[in-house]
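For reference, the structure discussed in these notes is given below.
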Amino acid sequence: MARRVFITGFGIISAIGNGVEETLASLTERKSGIGQVSFLKTSLSCFPVAEIRTDSDGLARLAGIPLSPVHSRTFLLGLIAAREAVRMSGCEGLCSSMGMIGSTTVAGIDQSDRYYRRLLCGEATHKDKIPSFECADSTELIADFFGITHHVTTISTACSSSANAIMNGARMIKCGVADRMLVGGSDSLSRFSMNGFNALEILSPTGCRPFDNDRNGITPGEGAAFLVLEAEEMVGSRTVYGEVSGYSNCNEAFHQTASLPDGTGAFLSISKALQSASIEASEIDYVNAHGTGTKVNDLSEGRALKTVFGKEMPLFSSTKGYTGHPFAAAGAMEAVFSLLSINHGLVFPNLAFETKMEEVDVVPVTQLCRRPIRRVLSNSFGFGGTDTTLIFSKV
Amino acid sequence: MSKEEELIEELKTQIIDALSLEDITPADIDADAPLFVEGLGLDSIDAIELMLLLERNYGIRIEDPKKRREVLTSVRTMAKLIESKGQVKE
Amino acid sequence: MMQAYINSIGIISPQLTFDGSFLSAPIVHVESQFLMCEEPVYKEFINPVQLRRMSRILKMGLGASSICMDARSDVRPDAIVVGTGLACVSDLEKFLLSIDDNQEKMLSPIPFINSSHNTVGAQIAMMRKLTGYNMTYCHRSFSFESALLDALMLIAEGGVSNTLVGGIDEHTEGFFKIFNLLDFWRKKSVDNLSLFEGSHLGTICGEGAAFFFLEKNRQDGTLAKITDVQTFLKECDASDVKGEMDAFLGRNGLTEVDVDMFVLGRNGDSFGDGIYLDLERLLPESCGIAYYKHLCGEYMTSTSFALWLAAQMLHTQKMPDVIIKNPVSGRQLRRILIYNHHRRKEHSLILVENADL
């Protein structure tokens, strides 16, 4: 029988709070982190964002380390979340037996945005920033901080990145390659992403409205979340917050940026995850949807949910109305929300929803609900047709 | 060659360049053939690139998705729009 | 035990390898700071309509993976796993610089879309309509090893019977200049075949795309078998590396004397060559030692080139003189261990065996 994978700790930082406690308070009090950009210098300031209103000095203080000019914002966010996760897990003295999978899409983009051109012209003054341009940087700095040496790697699959990090950490434990894994992801707000999504004409001018008929695009966000996963027999008497009980990753093989309009890609991902958990669709109590607020994603995901669950649709919501879309960090952040849902018996509302989509009859939860939650299904779909679904269960 | 035909030839070259249609020459593009689905078989990302072409080269920006689809039907419909906006370069 | 058979390979490298030959063509010999790939005509693999938007790394990836998949044409890949250290860096640079060049106005979305690190894997899936598992690892010199480990796990889990695994990185002018500031490269052109002579800071830059069709079961065309892969992250010396190597072999029921050849990532850079030279002194005198980076240059996923070399040697039992530091004499090549490090901190081990073992 395959080993069970338990979650013994988690940590998060986003526009709705630093740490689990602040995050939970924001979720229950409907406090969205979406607003006008304040730190990022961009001429696209008319677009709302979900920014963490703390500069690098502040982030370094929150991370509990001296500020260094080679530290990227992505790394600092990641370290803050990872430290909370490891502390919660009680694994501080056990890090040498841990592996790590980090994830990011933009890496140290605040550094590359500032210094790349100058370095390209041969200006060597800032060459110490170069390592931060690479995806590996933030993972390795976090691994170094904890003394993690083996099974260290980074996944970069656009918006499904940290969901994949969680899935593959769980797989490594189940395969017996590792006993415990620190898994998650981090991305910072950047002119790169904002301009990229603006060029694709999918930035929301009003703030994202997931699953609403008048939805008009994404709201870029930032943040980080990490989980500590352990094999059941490694946990002892420490607290378990949930189990990674199912997962899947598929590819739409359709288009670089758009999902299959009929939802078959998302349907495949959800179905395979249910299969891997050996459960029926009816056993899911809550779906934390990818729900980015784009015309394309929400329609295809809505159709997929309808096809999978039919008349037995569980409560579902997108939490991106709170956090914006934090890209690589989305999967891990939403994993934290899934665990909060399970541990507190809460379903978080889908903010900014008024009218259901014309094409498909699905209506998300719009008020905070209290009820026992045993199993949560969480979707993360990314550019390149990458679809990942995770299932978390109460233990 | 009429002004419209001249503009069409110019547009064909610009389209080939903007969309990196390496093996295609202006002579291969039928001015009245559909640009999308059939004909050149362009997709939604190409549509964004063509709108950028209109904006950068002719100062024309169209927000309405329905109007965009109409304008981007063929090279000729693009040329007619440019002429109607008085944006043809002398 | 996790293992998989290498049943076909597609490789585009600075040597003439895309035609499936094993160093039978004259070895590419240059005086340069970088080695660039000998490339096929991509139109033979990729629809020209799709080709048009592709940067070079995408073409390399699609080309090499097509060669690999076409050699196992009876079978569709169940999964695709790609390792790439820098991914689509030329698109990333293009978009990044365009932001200021155009004051955040009227930017083309194509380089932004293509800059997503998983684009190579995604394009392979789109080209061949492959809807299975699709993953991209992007962690410097661990990228390819992470992809390999994932592939071994996928096959061991039983959900797939095969996986297409690739390692890919391209040389770009931009990142060459950037890493030059960190003294990664020789300051002057170097004769690649004299890379290991003298003591010099820096090495020769390289690039490549190598894809492997890994399967649970052996086939007629099987080249070799991958038995294990490991990475470790620490600033250490050769004796630490030897310790990790012994532990790695030990968990496979082996010791160093069971390895016939060590393929080492020595690159002629005095910054890191010491570890390789010290390690060689700790290895049995009778074992074979080979180098490969003078043929492909230094890049984050160069161990994919090394794996191709190892698989070919195990399959053909030929050991080209151009790579041999210490020959293997009087015995069959049964087992090869590839060891590489990046900047003395990232270390990786790949164990490859003869398919008959």
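Note that the protein sequences, when read in sequence, are chains F, C and U. Reminder that position 110 of the first sequence reads as 1151 in our numbering, one-by-one numbering, no gaps. Reminder that position 38 of the second sequence reads as 158 in our numbering, one-by-one numbering, no gaps. Reminder that position 122 of the third sequence reads as 116 in our numbering, one-by-one numbering, no gaps. The C-beta atom is built at its ideal place from N, Cα and C for all residues, glycine as well.
Proximity test, Cβ basis, 8 Å: residue i and chain U
i: C/G179; result: no
i: C/E169; result: yes
i: F/Q1152; result: no
i: C/L192; result: no
i: C/D148; result: no
i: F/E1175; result: yes
i: F/L1135; result: no
i: C/L201; result: no
i: C/G161; result: yes
i: F/A1314; result: no
i: C/R222; result: Lying outside 121 to 210, the shown extent of chain C, residue 222 of chain C is not represented and no answer is given.
i: F/L1244; result: no
i: F/V1276; result: no
i: C/S140; result: yes
i: C/L172; result: yes
i: C/R196; result: no
Integer Cβ distance of residue i from residue j, believed to fall under 8 Å
i: F/T1095; j: F/G1226; result: Their Cβ separation, rounded to whole angstroms, is 19 Å, which puts F/T1095 and F/G1226 out of contact at 8 Å.
i: F/P1261; j: F/S1359; result: Contact doesn't hold; Cβ gap of about 15 Å is too wide.
i: U/N348; j: U/R325; result: U/N348 to U/R325, Cβ: 12 Å. No contact.
i: F/L1270; j: F/G1210; result: 5 Å
i: F/R1044; j: F/M1139; result: With 8 Å as the limit, F/R1044 and F/M1139 do not qualify as a contact, their Cβ atoms being about 16 Å apart.
i: F/N1205; j: U/M(-4); result: Going by Cβ atoms, the distance from F/N1205 to U/M(-4) rounds to 20 Å, so no, they are not a contact pair.
i: F/H1192; j: F/M1213; result: 7 Å
i: U/G126; j: U/A65; result: Contact doesn't hold; Cβ gap of about 19 Å is too wide.
Cut-off 7 Å between Cβ atoms - residues of its own chain near residue i, not counting five sequence neighbours on either side
i: C/S194; result: A151, D152, A153, P154 and L155
i: U/G196; result: D177, F178, W179, R180, K181 and D263
i: F/T1083; result: R1232 and M1235
i: U/F136; result: T225, E340 and S342
i: U/I61; result: G4 and F12
i: F/R1344; result: D1303, G1304 and V1401
i: U/I269; result: D231, A232, V235, H335 and R338
Contacts around residue i, its chain only, beta-carbon distance under 6 Å, and the 5 residues preceding and following it disregarded
i: F/S1203; result: S1144, G1225, G1226, A1369, A1370, G1372 and A1373
i: U/I318; result: A284
Under the three-state DSSP convention, the category residue i falls into
i: U/N156; result: strand
i: F/I1432; result: strand
i: F/N1384; result: helix
i: C/N177; result: helix
i: U/M120; result: helix
i: F/G1058; result: strand
i: U/I74; result: strand
i: U/Q9; result: coil
Which listed residue (the options) has its alpha carbon closest to that of residue i
i: F/G1334; options: F/I1320, F/D1255 and F/F1357; result: F/D1255
i: F/T1485; options: F/H1191, F/L1309 and F/S1173; result: In the structure displayed, chain F extends from 1042 to 1436; residue 1485 of chain F sits before or after that span and is not available.
i: F/S1097; options: F/F1088, F/L1118, F/S1084 and F/Q1077; result: F/L1118
i: F/S1278; options: F/G1074, F/S1229 and F/C1132; result: F/C1132
i: U/D94; options: F/R1159, F/K1215 and F/A1091; result: F/R1159
i: U/A58; options: U/N320, U/L273 and U/S298; result: U/S298
i: U/L86; options: F/V1406, F/L1085 and F/C1176; result: F/C1176
i: U/A(-2); options: U/G291, U/L258, U/T216 and U/K53; result: U/T216
i: F/P1089; options: F/I1414, F/D1253, F/I1243 and F/H1192; result: F/I1243
i: U/P278; options: U/F256, U/H288 and U/L148; result: U/F256
Below-8 Å beta-carbon distance, residue i vs any chain F residue
i: C/S164; result: yes
i: U/A232; result: no
i: U/L11; result: Strictly speaking, residue 11 of chain U in this sequence is Thr, with Leu absent from that position. Not closer than 8 Å to any Cβ of chain F, the Cβ of U/T11 fails to qualify, so no.
Cβ shell of residue i (< 8 Å), same chain only, five flanking positions each side left out
i: F/A1314; result: G1287, Y1288, S1289, L1418, T1430, L1431 and I1432
i: C/E190; result: T197
i: C/E210; result: Bear in mind that a pLDDT of 49 at C/E210, under 50, signals an unreliable position, so the number given afterwards is only what the model happens to contain. Answer for C/E210: no residue qualifies.
i: F/L1135; result: R1221
Below-8 Å beta-carbon distance, residue i vs any chain C residue
i: U/R50; result: no
i: F/A1299; result: yes
i: F/L1081; result: no
i: F/L1241; result: yes
i: U/P42; result: yes
i: U/P103; result: yes
i: U/M100; result: yes
i: U/R46; result: yes
i: U/I318; result: no
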